[in-house]
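Read the structure below first, then the notes.
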Amino acid sequence: GITVVRARGQVHVPAVALLRSGWLEQAVCTPETRTHESLFALLVPPSELHAALLLAGGVPGCPGAPPALDQPAKRPSGSRLEVLMAHDGGVVKLEDLVIDHRTGRPLSGHFVFSGSMFVEWQGVSRYLADDEGSVVGLATFGDELVAYSEPVSALVEQAGTVFRPNPDLMPPPGTQVVLRFTLVPEPEA
Numbered sequence: 033g034i035t036v037v038r039a040r041g042q043v044h045v046p047a048v049a050l051l052r053s054g055w056l057e058q059a060v061c062t063p064e065t066r067t068h069e070s071l072f073a074l075l076v077p078p079s080e081l082h083a084a085l086l087l088a089g090g091v092p093g094c095p096g097a098p099p100a101l102d103q104p105a106k107r108p109s110g111s112r113l114e115v116l117m118a119h120d121g122g123v124v125k126l127e128d129l130v131i132d133h134r135t136g137r138p139l140s141g142h143f144v145f146s147g148s149m150f151v152e153w154q155g156v157s158r159y160l161a162d163d164e165g166s167v168v169g170l171a172t173f174g175d176e177l178v179a180y181s182e183p184v185s186a187l188v189e190q191a192g193t194v195f196r197p198n199p200d201l202m203p204p205p206g207t208q209v210v211l212r213f214t215l216v217p218e219p220e221a
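Under our numbering, read the sequence shown as residues 33 to 221, first letter to last.
So this is what it looks like as structure tokens:
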């Protein structure tokens, strides 16, 4: 279900719409993981999206993560991405599908190919986003494949409730969509 358009630095993946109300910590997760706090569920394994982004020319960085739970998270790094939802002949930027409750406006940041990470579990190397379901993170957990550029604590006690869906732009739950991940060239110095 993944399409890579190398000449455009694009990856298209199937997903299903989840929420039009409530609070968000993820923009995209995998089925049966963080669906209670995500806009979309990805219909392919995150590790396959990671491989497709590499094929398209992306360079993974690092997810943001706090040095300790009571400290602010660092910024994530990696190739900058534009993420669009394609549905019913139209496209909408992911930033416009999420309202920042602090401002009442769509997101002002951007997304990066942070790359999640590999961990050893019982002698086996595992891709953490496959296990945890963090495909496109809004709150900073430190395991996101794609991360929001502004580090926001995943602890409600620190950051409060920050993100909510834009119900005017989100399709109904259960709607099949295509998510388009496009590499954004770095500006020349």
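For glycine and all other residues, C-beta sits at the position ideal for the given N, C-alpha and C.
In this text, all values refer to a predicted model and were calculated from it rather than measured experimentally.
Exercise for review: Using DSSP bridges, identify the partner residues of Thr207.
Suggested key: Answer is none; Thr207 lacks a bridge partner.
Point to revise | Neighbourhood of Pro199 by C-beta distance below 8 Å, restricted to the same chain and skipping five residues each side | key: Arg52 and Ser53
**Study point:** Option nearest Val144 by Cα separation, candidates Lys125, Gly165, Leu177 and Val123
**Key:** Leu177
Practice item. Pick out the complete alpha helix (DSSP H) segments inside the stretch 115-170, 4 residues or longer, and give them in chain order. Key: 126-129 and 160-164
Check your understanding: Around the C-beta of Ser166, are 16 or more other C-beta atoms found within 10 angstroms, so that it is buried, or is it exposed?
Key -> buried
Check your understanding: Can the beta-carbon of Leu2 be found less than 8 Å from the beta-carbon of Val48?
Key -> Coverage of the chain is limited to positions 33 through 221, which leaves residue 2 absent and any answer about it impossible.
Check your understanding: Does the beta-carbon of Gly96 have 16 or more other beta-carbons within 10 angstroms, so that it is buried, or is it exposed?
Key -> buried
Check your understanding: In whole angstroms, what is the alpha-carbon distance linking Asp175 and Lys125?
Key -> 23 Å
Check your understanding: In three-state terms, what does DSSP make of Thr193?
Key -> coil
Review point. Going by Cα to Cα distance, which pick from Asp128, Ser157 and Leu81 is closest to Pro197?
Key: Asp128
Review point. Is the beta carbon of Phe213 less than 8 Å from the beta carbon of Leu56?
Key: no
Review point. By how many angstroms is the C-alpha of Val123 removed from the C-alpha of Pro205?
Key: 17 Å
Practice item. Taking all protein chains shown into account, decide if Glu218 is buried (16 or more other Cβ within 10 angstroms of its Cβ) or exposed. Key: exposed
**Study point:** Pairwise C-alpha distance: Glu80 and Asp132
**Key:** 30 Å
Exercise for review: Tell me where the alpha helix (DSSP H) around His82 begins and ends.
Suggested key: Pro78 to Leu87
Review point. Do Ala105 and Pro183 have their C-beta atoms closer together than 8 Å?
Key: yes
Check your understanding: If you run the structure through DSSP and keep just helix, strand and coil, what is Thr62?
Key -> coil
Exercise for review: Excluding the 5 residues preceding and the 5 following Ser185 in the sequence, name in chain order all residues of the same chain whose CB lies nearer than 8 Å to its CB.
Suggested key: Pro98, Pro104, Ala105, Ala171, Thr172 and Ala191
Practice item. Just mark Ala88 as buried or exposed, buried being the case when its beta carbon has 16 or more other beta carbons within 10 Å. Key: buried
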